[in-house]
Structure formats: C-alpha cells, structure tokens
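Report on the structure given below.
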Amino acid sequence: MRTNHLPSIAFAPLLMAAVCVLQLPAFGAAGRNAWGDSIISMQVTRNAYDLQQPWSKIPRTFIKTCIVIAPGELLSTAEDLFDRTLVRVQKSGRGPWWTADVTWVDYHANLALLTVKDASFWKGLQPLELASGPLDTTKLQVARWKSGNLEMRKVDFNQYTVDDARLSFINSLYMEFDSEMTGIGGAAPVLIGRKVAAITCEQTENHVRAIPAAFIRGVLDAKRKNRWTGLGYFPFYWQPTENASTHAFLKLPGEPRGVVVSYVPPNPEIPENLKARDIILQVDGFDITPQGYYQDPLYGQLILENLATRNKFAGDIVKIKVWREGREEVVNYRLPKADYSSRLVPEQAFDHEPEYMIVGGLVFQPLNKPYLKSFGSDWRKSAPFRLSYFDREDPTPARPSLVVLSVVLPDAYNIGYQDLRALVVDRVNGRKISKLADLKKALEHPAGGYHVIEFIRSDSLRRIMLDAATEPDATARVLNAYHIPKAAFFAAETSAKN
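For the sequence shown, the working numbering begins at 2 and goes up steadily by one.
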C-alpha cells in the first residue's frame, strides 16, 4: 500500500448461528458427498534457504489444499510452491498420493494451477464453480480434509479489505473472517452452497484472510483467453485531503473530494503519467473520497489501489480524472507490470538458489527483501539501518539494484576485515557495481595487483584492498575450511520474474 493509513473495510453483521462441524464420509462405492469430490489435499516439499548462509538449504514440507476448478485442472495459492522439489495430491483425505505438476503460477496474484498426468486420479472428481455477484456472507463455510474426514464449519465474516499482497509489493483484495478451525490458511475453499466464494491464504490465530472468487475468476479468464499480461499497480504516492485548506490551495471548487498526489516515480513505460499536486477525483468512473476510498458495487468502501487490479491487468488503460493546475483533465494511465526487478530492493527472488559470491572469505549477495527478512520478523528494526534504508528508495538507470558485503568468513587473507558486514558496494576496481555479474567482471581487472572495493557512504569505512594474486588460493582455502560446496551461484538472466 502506498500510504500510511488503515485498510479499507466493508462491514457485515456477525453470524448469530452456532458454529457447526460436519464430519462427512470419505469416498465410497455407494456415492460421494457434495464437496469431497472437489476438494483435494496437497503436500509440497521445497527447499528453504538460510540467507545468512546462502549456500545452505534444507527441505521443508507443507500441507495445503487445492480444488478441482476445471476438468484436469487444480487451483491453489502460489505460497510455498516456490523452490519446490515435489508436489503430491490426495483425494478423499486418505489413500494413495499422486505426483502433481504446476502448470502455471503467478506470485503477485498468489495463484497457481496444477494437473496430474495419471488419468486415474481424475476419476469421479467434479469441478467447483466460482461464485459471482454479491454474496450472502451469513452462509459462508470453510472446508478442509482432516484425518480422512471433510471438516466444514461456518465462519464469522468480518470485512473485505485491501492490504499488502502476501508475495508481492502491490496491494491485494481480501475477504476476512474468523474461524475456530486451525491450519486453514493454505488455500482452503470458502464455500457458499456448491460454489467457491474465496480460497484462504493466511491465518493468524482465529483470524483468516482469503482471496475472493471475483478476483480469481478475472485472472483465470484472462489466462484462458490469452489476455493475461500480469497484474498492474499504481506506483504513485498520495495523501488524504481531509483539510479544506488543501483544496483551497490547489483551487478545487465545490465540496472536498479526491486525494492529492505527493510523489510520482519516473517510469518511461507510462506515457501519460500523474504529476505531484494532481488531485485524483475519479478512477475508471468511481468517485474518490478525501480519504482515498471508492464505493465498490460488490465489496463496499475500498481503497483506490484496488482499482488497479479490478478487472484490469498490466498494460491496460485506467482513466483517472484529476484536477491539475486549475482544471479537470483525464489521464489515460497505462498500468505498469508488477515485476520484482522493478524495485531497488526486490521483494522476492523465487525459484532459484540465493545468489552469492565468495572472494577470499568476503561474502557478497544481492540486497533484496528476503535477505533483509533474514534478520528476523521485526527486520525493519533489527536489520542494519544502512540496508533497510534502501528499501524505501527507487531504482535509477545508474543503479537499478544493489550488492551487499554481507559477512566476512575469517581467514589469514582477510585479517583486519573480519568484522565487516552489511555494507553496500559502490565500486570495485573503479567499476560501478549493481549486481553480482558486475562484481565478477570487475574482479577480472585488478588495479595495480589489488582489488579495490569501495562502499557507499555510511557509518563505516569506505574502502578496502585485497591482494589479487593470492585471492583464488584464499577463496579455495575458505571453501574447504567452512565446508562450502561452491564459491558462487549466479541466477540465470532468464529466471522467472513472476
């Protein structure tokens, strides 16, 4: 979310009915229950990496849910499907497991499609339909397999809200509800009758968030019609205009309305862009309040960021009516694509090992959000400020990304430098460094027999020097001493940016 205010909400009455649990029978020869032939258990094994020691990894296994969404097709969330090594699915909560393949995944949308090649798996399975239109939120139930039984319970619906995406820097729409069931944050279907109202994506104690069916349908329809270009977003910053003096200063007549644009990052892919001090009056025909909300026909009051993903995708035009320099204008705003590489500090680095390079015991890594989060759950406070500071900065053509000296593995070669850590690299041997490939190339050109490493100005030193001739032997010695399998890993330039 681009502003510091509370998530948007659309309240609904709390359920008055008592919570009920249905223990439905598993598959049998006599017949099938109404939902059991559509809800599938899923087990995902993936590699988990330690970003403080990027060469190390351990396998972890996660239990999730998926649903039959079309013949031969399963739907789940994208969470925990990154860096996967094995995906298995199971019918009726017990019995054999089948190997599944991920056929499509989008981490920004947090959605994935899977299939099973073994035709016997699909015998007797029935697709579930995604719900549409306004929902009776007093009739919602959440379902999942547990110990061979399909457990279903009514939920206490709370609100629809727009907040930070689970796997992306963009904003996402969520359904929020409370449930006494535990372990349902992994794509459990929220049902209304025979239809799917949402699939869950997060649970904190009894509080659950889910991705609404309307959003899912829009994404899947676009994909099936070859219109899927990825999600777009609004990269500009704005602030509320609750003080009437703002409207007077910008000469907007009439009742207070709209929000004022405070900052617009430069982006050549947006030919018609907003400007600082524009007042956003409407987005795609929806009036914007001074607090930044609009009235959604399905979900009530929502924050304007939702209009970037409401039936819109990257490259689509959003018509934004603004008050600019004393008159109304309509900006044909082309939505930029949500891409992790568009951030100075990328939000994620999925589906490849963490990149790193060891030079005589000095460990260099890309500065990205996973690395910052390795400092702990409260990383904004626990990570070195000189690193977390850059998370608020925009990339530039001269510096599209950053490389950090993360730690030094002590060796006779690097005596005096062994306490260095968390320093952003500026230049090596006089060459600007933005990625590890730049570092590798710069090390091929030592300056007078030395590698001269310069760091961006901070509260620590600015420059160190290493002997170029003995560096290869020192690196080999460090790898052997610390049992590190290889000196570097570089992700292919074609790595997925989803």
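Don't be surprised by glycine CBs; every beta carbon is placed ideally from N, CA and C.
Item	Value
Where in the segment 346-432 do unbroken runs of the alpha helix (DSSP H), each at least 4 residues long, occur, reported from the N-terminal end onward?	370-374, 380-383 and 386-389
DSSP has Pro291 in a bridge; who is on the other side?	None, per the DSSP bridge assignment.
With respect to the beta strand (DSSP E) encompassing Ala469, which residues constitute its N-terminal and C-terminal limits?	Premise fails: Ala469 is in no beta strand (DSSP E) and is neither H nor E.
How big is the Cα-Cα spacing for Ala110 and Asp164?	13 Å
So the beta strand (DSSP E) Lys313 belongs to, where does it begin and stop?	Unbroken run through Lys313: none, as it is neither H nor E.
Can you give me the C-alpha to C-alpha distance between Gly187 and Gln44, rounded to a whole angstrom?	11 Å
If we count the other Cβ atoms within 10 Å of its Cβ and call it buried at 16 or more, is Ala482 buried or exposed?	exposed
Exposed or buried, what is Glu203 when buried is set at 16 or more other beta-carbons lying within 10 Å of its beta-carbon?	buried
Kindly list the residues whose CB is nearer than 6 Å to the CB of Phe376, restricted to its own chain and excluding five residues on each side of it in sequence; keep chain order.	Ser383 and Ala384
Does any C-beta atom of chain D lie closer than 7 Å to the C-beta of Glu330?	Absent here is chain D; the protein component of the structure consists of one chain.
Near Val479, what residues of its chain come up, given a Cβ to Cβ distance below 6 Å and the 5 sequence neighbours on each side ignored?	Gly362, Leu410 and Asp412
Identify the continuous beta strand (DSSP E) that holds Thr116 and give its terminal residues.	Leu112 to Thr116
Using CA atoms only, rank isn't needed, just tell me which of Tyr175, Lys140, Ile70 and Trp146 is closest to Gln127.	Ile70
Can you list, in chain order, the residues of its chain with a C-beta nearer than 6 Å to that of Ala30? Leave out the 5 residues immediately preceding and following it.	Below a pLDDT of 50, predicted positions are generally treated as unreliable, and Ala30, at 32, falls in that range; no measurement from the model is reported.
Within the chosen definition, does the segment 89-100 reach the segment 157-173 through at least 3 CB pairs nearer than 8 Å?	no
Taking 8 Å as the threshold, find out whether the segment 298-305 comes into contact with the segment 328-343 through three or more Cβ pairs.	no
State the Cα-Cα distance for the pair Ala198 and Leu192, rounded to the nearest angstrom.	5 Å
On the DSSP bridge assignment, give the partners of Pro213 in chain order.	Ala199
For the beta strand (DSSP E) that Thr46 lies in, which residues bound it at each end?	Ile40 to Tyr50
Ordered along the chain, which non-local residues of its own chain (more than five positions away) have a Cβ less than 7 Å from that of Leu345?	Phe391, Glu394, Asp395, Pro396, Ser402 and Leu403
The alpha helix (DSSP H) with His248 in it runs from where to where?	Ala245 to Phe250
For Val332, count neighbouring C-beta atoms within 10 Å of its own C-beta (all shown protein chains included) and say buried if the count is 16 or more, exposed if not.	buried
Kindly give me the distance between the Cβ atoms of Ala1 and Leu168, rounded to whole angstroms, as I take these residues to be in contact under 8 Å.	With the chain represented from 2 up to 499, any question about residue 1 goes unanswered, as that position is not in the structure.
Evaluate the contact criterion for the segment 335-353 versus the segment 306-324: three or more CB pairs, one atom per stretch, below 8 Å.	yes
By DSSP's criteria, His109 is part of a beta bridge. Which residues make up the other side?	None; His109 has no bridge partner.
Since Lys118 and Asp102 are thought to touch, with beta carbons under 8 Å apart, how far apart are those beta carbons, to the nearest angstrom?	7 Å
Whole angstroms are fine: how far does the CA of Trp229 sit from the CA of Glu270?	18 Å
Does Thr66 pass the burial test, meaning 16 or more other C-beta atoms within 10 Å, or should it be called exposed?	buried
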